[in-house]
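>
Protein chains: 4
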Amino acid sequence: MSELSTFKSAYMEIVSFLRSALDLFEMDAIAEFVRILLDAHSKGNKVLVVGVGRSGLVAKAFAMRLVHLGFRAYVLGETITPSVQRGDVVIAVSGSGTTTVTVTAADAAKKVGATVVAITSYKDSPLAKIADLVVFVPGRTKTARIDDYFARQILGIHEPLAPLGTLFEITTMVFFDSIVAELMRRLGKSEEDLKKVHANIEVFS
Amino acid sequence: MSELSTFKSAYMEIVSFLRSALDLFEMDAIAEFVRILLDAHSKGNKVLVVGVGRSGLVAKAFAMRLVHLGFRAYVLGETITPSVQRGDVVIAVSGSGTTTVTVTAADAAKKVGATVVAITSYKDSPLAKIADLVVFVPGRTKTARIDDYFARQILGIHEPLAPLGTLFEITTMVFFDSIVAELMRRLGKSEEDLKKVHANIEVFS
Amino acid sequence: MSELSTFKSAYMEIVSFLRSALDLFEMDAIAEFVRILLDAHSKGNKVLVVGVGRSGLVAKAFAMRLVHLGFRAYVLGETITPSVQRGDVVIAVSGSGTTTVTVTAADAAKKVGATVVAITSYKDSPLAKIADLVVFVPGRTKTARIDDYFARQILGIHEPLAPLGTLFEITTMVFFDSIVAELMRRLGKSEEDLKKVHANIEVFS
Amino acid sequence: MSELSTFKSAYMEIVSFLRSALDLFEMDAIAEFVRILLDAHSKGNKVLVVGVGRSGLVAKAFAMRLVHLGFRAYVLGETITPSVQRGDVVIAVSGSGTTTVTVTAADAAKKVGATVVAITSYKDSPLAKIADLVVFVPGRTKTARIDDYFARQILGIHEPLAPLGTLFEITTMVFFDSIVAELMRRLGKSEEDLKKVHANIEVFS
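Chains as they are written, first to last, in my numbering: chain A, 552 to 756; chain B, 552 to 756; chain C, 552 to 756; chain D, 552 to 756.
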């Protein structure tokens with residue numbers, strides 16, 4: 552057996568999963584997700600991403616891109632988190648759909664009239680039930696009985712390790728970056744965007 | 552043309568890139584990377600991940616898993632960042648290999664005798680030249696002339712948007728999670744690991 | 552009226568409050584706090600600080616100093632948060648003593664046998680009731696009825712603004728830095744510490 | 552000698568320093584700082600705070616309050632950092648005025664026409680020379696020869712510990728909170744502000 556056999560097989564397993572996930576996506580929900588985002592963009596409404604742990608990291612990577620595209624995007628729990636109003640969009644990322652912080656935040660956002668989008672593997676989870684729109688992303692296969700992320704950190708409880716435990720986050724990252732590509736086309740970005748970058752560089756040089 | 556045609560083609564492009572990346576990896580360097588990590592694990596030496604922006608998020612996701620595997624892992628720039636000593640490992644993630652903060656940190660780590668591993672698309676970059684080991688991960692295709700991450704944020708300069716600009720980070724994330732799978736096998740983790748988790752849950756219930 | 556009259560009067564009010572706070576501290580509890588910290592230091596047990604918002608920032612500033620003093624200190628919610636075991640110390644900072652995340656984390660830590668220290672203005676709060684030791688720090692005068700920090704961010708609910716709303720955090724910061732001075736004396740730090748710093752500088756030059 | 556003698560004397564030393572600092576402030580510069588902030592508020596320009604380590608924590612605490620007051624405030628290095636334009640304000644906090652990240656960011660901001668305010672103990676430092684306005688805050692007494700914050704973390708180099716090494720950050724925190732009080736008066740905030748908070752609570756209940 553080759554020294555890196557597990558590395559290679561895990562890598563291939565992840566790539567295969569990603570490929571098969573495309574068939575599992577629900578295109579109507581994704582189209583609605585894009586519409587909600589474009590609507591927030593055109594009206595100047597805020598987009599707040601919510602997630603903890605590795606889901607939070609993937610959510611942040613998406614939020615960075617939204618800012619680059621001209622969205623008023625924010626990340627819950629960072630220093631600068633604005634209050635949410637009617638018309639704002641809250642994107643809540645949780646594989647299990649049960650993470651306490653994420654569900655509580657989604658609930659508060661719903662109560663003030665924000666549009667809540669759940670990104671989750673569980674369409675009947677507490678998070679999904681709160682959400683106005685559920686975008687199914689496969690990958691989370693097991694969940695622990697304790698859903699409070701911070702209590703879990705203290706207790707040393709985490710999802711199964713790679714490759715199985717990690718498929719949701721990776722699939723969500725590829726999903727989000729593909730959404731960014733779609734948004735770029737709809738917003739007519741790219742060349743124009745790059746030109747502005749080069750202009751800035753000239754200013755600086 | 553279907554409403555989500557760009558979404559779908561971007562998604563497929565990313566998956567295809569990931570598949571082809573496996574052939575571009577240099578297995579000798581990856582095997583050495585695994586050896587360096589296992590050596591740090593067995594000796595109780597620290598592993599510090601370094602990266603900014605989206606590379607930093609991917610580095611953090613890896614560091615989380617290293618902690619779950621029993622490593623003494625840390626993230627540069629967080630509140631708790633220990634000093635680095637001889638024998639410690641610094642994993643510096645930068646697609647371009649020119650990011651100022653990352654290169655400066657790698658340089659400081661090298662001077663105190665730490666083992667520096669560069670994760671980069673550019674094997675002749677400043678970061679690669681400092682590193683003891685260069686692990687090539689494809690995906691970064693263009694770089695701006697300003698390499699200071701914070702100056703770039705202020706100037707609004709960013710890498711090209713998805714899907715092209717994002718391939719390095721996604722490939723690095725899949726790469727890291729596959730490394731985690733390899734480390735799990737070598738360290739004999741998984742079932743034993745899960746049992747401990749369940750034991751903790753009983754304590755809590 | 553001078554242009555900066557409110558600035559000056561607020562500044563003086565804060566300084567006066569800080570001075571009077573010294574008489575309100577309970578020295579027995581503070582002495583016990585120092586003993587718990589020194590015990591963790593000598594046994595190599597972990598110290599985890601917990602807090603959100605401005606309380607979290609003050610807790611992080613303390614954790615940085617603990618690391619400089621040789622403690623195994625961590626911050627809940629950062630990328631690298633180790634699990635807590637019996638013998639570890641959890642320092643939970645919450646002016647009201649009701650912040651959901653902080654109380655939940657303290658509760659989980661208590662269940663696994665860690666020593667929980669509450670830093671709070673309310674000695675009969677939920678946090679105080681969980682804690683093994685309550686260190687009273689004056690300054691929090693009002694609390695909102697919603698204690699979930701993240702829900703409050705979404706709803707735009709915050710404590711009263713300066714100067715009244717901020718006295719707890721400032722007093723806690725001065726309190727913590729004075730604890731650091733006490734720890735330095737007990738641990739025989741300072742000159743020796745600075746010498747090591749200078750040695751490192753020579754290595755780098 | 553009482554058990555907590557060092558704690559008490561350090562605490563008193565910090566309070567005395569804070570009191571005497573008020574006489575060292577340069578009120579003209581502070582009045583100009585308030586004018587710059589109010590101007591940004593009225594025009595809807597952004598305010599970006601910059602700082603690393605404990606200075607960064609104090610800067611974040613100020614940024615939180617600015618958001619509560621209705622400012623478009625941001626923190627450099629967080630996920631969401633907008634680009635800076637002419638008319639925006641960059642508040643750079645560095646006791647020594649030499650911290651590499653902070654100086655580089657201030658320099659980039661200056662080049663695109665932002666107003667740069669330095670909060671520092673050294674009025675002839677590199678940061679002060681870049682700044683449009685220097686606000687002197689006493690407290691930093693020594694600086695190491697290496698000014699790159701991240702390299703220093705790796706090398707284990709830090710400012711002198713409490714109480715001396717910490718006076719700049721504490722004084723800056725009290726200074727900032729007093730600025731918030733001044734801004735509240737000028738903006739006519741407080742009662743109106745609290746009413747809005749209570750309104751939100753009703754919505755939620």
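Every residue, glycine too, gets a C-beta built ideally from N, C-alpha and C.
#1: If you count every other CB in all the chains shown that lies within 10 Å of the CB of Ser676(B), and 16 or more means buried, which is it?
#2: Where does Lys740(A) sit, in a helix, a strand or coil, going by DSSP?
#3: Report the residue from Val609(C), Lys662(C) and Asp574(C) whose alpha carbon sits nearest the alpha carbon of Arg703(A).
#4: Please state whether DSSP places Phe558(D) in a helix, a strand or coil.
#5: Roughly how many angstroms lie between the CA atoms of Gly607(A) and Tyr625(A), to the nearest whole one?
#6: Pull the bridge partners of Glu624(B) from the DSSP assignment, please.
#7: Pro630(A) versus chain D: which residues are under 8 Å apart at the beta carbon?
#8: Skipping 5 residues on each side, what residues in its chain have a beta carbon closer than 7 Å to that of Lys674(C)?
#9: Rounded to whole angstroms, what's the CA-CA distance from Thr666(D) to Arg616(D)? Just pull it up for me.
#10: Over the uninterrupted alpha helix (DSSP H) stretch that includes Val609(C), give me the two end residues.
#11: Mind listing the chain C neighbours of Val640(B)? Cutoff is C-beta to C-beta under 8 Å, in chain order.
#12: Looking at the structure shown, is Ala591(D) part of a helix, part of a strand, or coil, going by DSSP?
#13: Exposed or buried, Asp639(C), counting other C-beta atoms within 10 Å across all chains shown (16 or more means buried)?
#14: Report yes if the C-beta distance between Ala614(A) and Thr557(B) is below 8 Å; otherwise report no.
#15: If we ignore side chains and look at the alpha-carbon of each, how far apart do Arg623(A) and Gly664(B) end up?
#16: Beta carbon of Ala656(D), beta carbon of Ala643(D): below 8 Å?
#17: Strictly below 7 Å CB to CB, what residues from chain A border Pro633(D)?
#18: DSSP beta-bridge partners for Phe687(D)?
#19: Relative to the C-alpha of Ala572(A), which residue among Val635(A), Gly690(A), Gly604(A) and His592(A) is closest?
#20: Quick check: Thr632(B) and Lys611(C), are their CB atoms within less than 8 Å of each other?
#21: Along the chain, where does the beta strand (DSSP E) containing Ala682(A) start, and where does it finish?
#22: Which residues does DSSP list as the beta-bridge partners of Ile642(A)?
#23: Note down, in chain order, all residues in the region 699–710 of chain B with a beta-carbon under 7 Å from any beta-carbon belonging to chain D.
#24: So that I know if they touch, is there some Cβ in chain D lying closer than 8 Å to that of Asp574(C)?
#25: Within 10 Å of its beta-carbon, does Glu577(A) have 16 or more other beta-carbons around it, so buried, or fewer, so exposed?
#26: Distance check for Ser593(D) and Ser672(B), CA to CA, integer angstroms please.
#27: Quick check on Asp699(A): does DSSP put it in helix, strand or coil?
#28: Name the chain C residues that come within less than 8 Å of Phe558(D), Cβ to Cβ?
#29: Establish whether the CB of Thr655(C) and some CB of chain A are separated by less than 8 Å.
#30: Kindly indicate the opening and closing residues of the alpha helix (DSSP H) around Thr655(D).
#31: Residues of chain D with a CB under 8 Å from the CB of Val652(B): which are they?
#32: Under the three-state reduction of DSSP, which class applies to Ser634(D): helix, strand or coil?
#33: Let me confirm a value: Phe568(D) is counted as buried when at least 16 other C-beta atoms fall within 10 Å, else exposed. Which label applies?
#34: Could you check whether Thr649(A) and Leu678(A) sit closer than 8 Å to each other, using their CB atoms as the reference points?
#35: How would you list, in chain order, the residues of chain A whose beta-carbon sits under 8 Å from the beta-carbon of Val663(C)?
#36: For Asp683(B), which option in Ala561(B), Asp574(B) and Phe584(B) has the closest C-alpha, if you only look at C-alpha atoms?
According to the structure data:
#1: By one-based count along the second sequence, residue 676(B) stands at place 125. Residue environment: Ser676(B) is assigned as buried (16 or more neighbouring CB atoms within 10 Å of its CB, all protein chains considered).
#2: Within the first sequence, the letter at position 189 stands for residue 740(A). Three-state DSSP puts Lys740(A) in coil, outside helix and strand.
#3: By 1-based counting over the first sequence, the position of residue 703(A) is 152. With distances taken between Cα atoms, Arg703(A) lies closest to Lys662(C).
#4: What you label residue 558(D) is simply residue 7 of the fourth sequence in a count that begins at 1. In the displayed model, Phe558(D) falls within a helix according to three-state DSSP.
#5: For the purposes of this step, residue 607(A) is taken as the residue at position 56 of the first sequence. For the purposes of this step, residue 625(A) is taken as the residue at position 74 of the first sequence. If I take the Cα positions, the gap works out to 12 Å.
#6: Position 73 of the second sequence, counting from 1, holds the residue named residue 624(B). Per the sequence presented here, residue 624(B) reads as Ala, with Glu not at that position. For Ala624(B), which the question treats as bridged, DSSP gives the partners Val598(B).
#7: Here residue 630(A) refers to the residue found at position 79 when the first sequence is read from its first residue. For clarity, residue 630(A) is Thr in the given sequence; the question names Pro instead. Correct list: Lys611, Ala614, Met615, Val626 and Glu629.
#8: Numbered from its first residue, the third sequence carries residue 674(C) at position 123. Answer for Lys674(C): Val685 and Phe687, listed in chain order.
#9: Mapped onto the fourth sequence, residue 666(D) falls at position 115. Mapped onto the fourth sequence, residue 616(D) falls at position 65. Computed Cα separation, rounded: 20 Å.
#10: Taking the third sequence and counting its residues from 1, the one referred to as residue 609(C) is at position 58. Residues Gly604 to His619.
#11: Numbered from its first residue, the second sequence carries residue 640(B) at position 89. Going along chain C, no residue has its Cβ under 8 Å from Val640(B), so there is no contact; the nearest lies around 15 Å.
#12: Within the fourth sequence, numbered from 1, the residue matching residue 591(D) stands at position 40. DSSP places Ala591(D) in the helix class (H, G or I) of the three-state scheme.
#13: Numbered from its first residue, the third sequence carries residue 639(C) at position 88. The residue is buried, with at least 16 neighbouring Cβ atoms inside 10 Å.
#14: On the first sequence, residue 614(A) is found 63 positions in, with the first residue counted as 1. On the second sequence, residue 557(B) is found 6 positions in, with the first residue counted as 1. Not a contact, by the Cβ cut-off of 8 Å.
#15: Working through the first sequence from its first residue, we reach residue 623(A) at position 72. Working through the second sequence from its first residue, we reach residue 664(B) at position 113. So the two alpha carbons sit approximately 44 Å from each other.
#16: Position 105 of the fourth sequence, counted from the first residue, corresponds to residue 656(D). Position 92 of the fourth sequence, counted from the first residue, corresponds to residue 643(D). Yes, Cβ-Cβ distance for Ala656(D) and Ala643(D) is below 8 Å.
#17: Within the fourth sequence, numbered from 1, the residue matching residue 633(D) stands at position 82. Simply Val618.
#18: Position 136 of the fourth sequence, counted from the first residue, corresponds to residue 687(D). Phe687(D) pairs with Thr671(D).
#19: By 1-based counting over the first sequence, the position of residue 572(A) is 21. When only C-alpha atoms are compared, the closest one is Gly690(A).
#20: Working through the second sequence from its first residue, we reach residue 632(B) at position 81. Working through the third sequence from its first residue, we reach residue 611(C) at position 60. No, the pair does not count as a contact, with Cβ atoms beyond the cut-off.
#21: Residue 682(A) sits at position 131 when you count from the first residue of the first sequence. First-last for Ala682(A): undefined, no H or E at that position.
#22: Taking the first sequence and counting its residues from 1, one reaches residue 642(A) at position 91. Ile642(A) is bridged to Val600(A) and Val668(A).
#23: Listed in sequence order: Asp699, Phe701, Ala702, Gln704, Ile705, Leu706 and Gly707.
#24: What you label residue 574(C) is simply residue 23 of the third sequence in a count that begins at 1. Judged by the 8 Å Cβ criterion, Asp574(C) is not in contact with chain D.
#25: Position 26 of the first sequence holds residue 577(A). It counts as exposed.
#26: In the second sequence, the residue the question calls residue 672(B) occupies position 121. In the fourth sequence, the residue the question calls residue 593(D) occupies position 42. Each residue's Cα considered, the two are about 46 Å apart.
#27: Counted from its first residue, the first sequence places residue 699(A) at position 148. Here Asp699(A) carries a coil assignment [DSSP, helix/strand/coil].
#28: As a position in the fourth sequence, residue 558(D) is number 7, starting the count at 1. Under the 8 Å cutoff, chain C gives Ile581, Val585, Ser729, Ile730, Ala732 and Glu733.
#29: Numbered from 1 along the third sequence, position 104 holds the residue referred to as residue 655(C). Residue contact check for Thr655(C) against chain A: a CB pair falls below 8 Å.
#30: In the fourth sequence, residue 655(D) corresponds to position 104, counting from 1. Segment Thr651 to Lys662, the alpha helix (DSSP H) holding Thr655(D).
#31: Here residue 652(B) is taken as the residue at index 101 of the second sequence, counted from 1. Chain-ordered, the chain D residues with CB closer than 8 Å to the CB of Val652(B) read Val652 and Phe701.
#32: Indexing the fourth sequence from 1 puts residue 634(D) at position 83. Correct three-state label for Ser634(D): coil.
#33: Here residue 568(D) is taken as the residue at index 17 of the fourth sequence, counted from 1. Result: buried.
#34: If you number the first sequence from 1, residue 678(A) lands on position 127. If you number the first sequence from 1, residue 649(A) lands on position 98. Yes, Cβ-Cβ distance for Leu678(A) and Thr649(A) is below 8 Å.
#35: Taking the first residue of the third sequence as 1, we reach residue 663(C) at position 112. At a C-beta separation below 8 Å, Val663(C) has these neighbours in chain A: Ile705 and Leu706.
#36: Counting from 1 along the second sequence, the entry for residue 683(B) is found at position 132. Closest option to Asp683(B), Cα to Cα, is Phe584(B).
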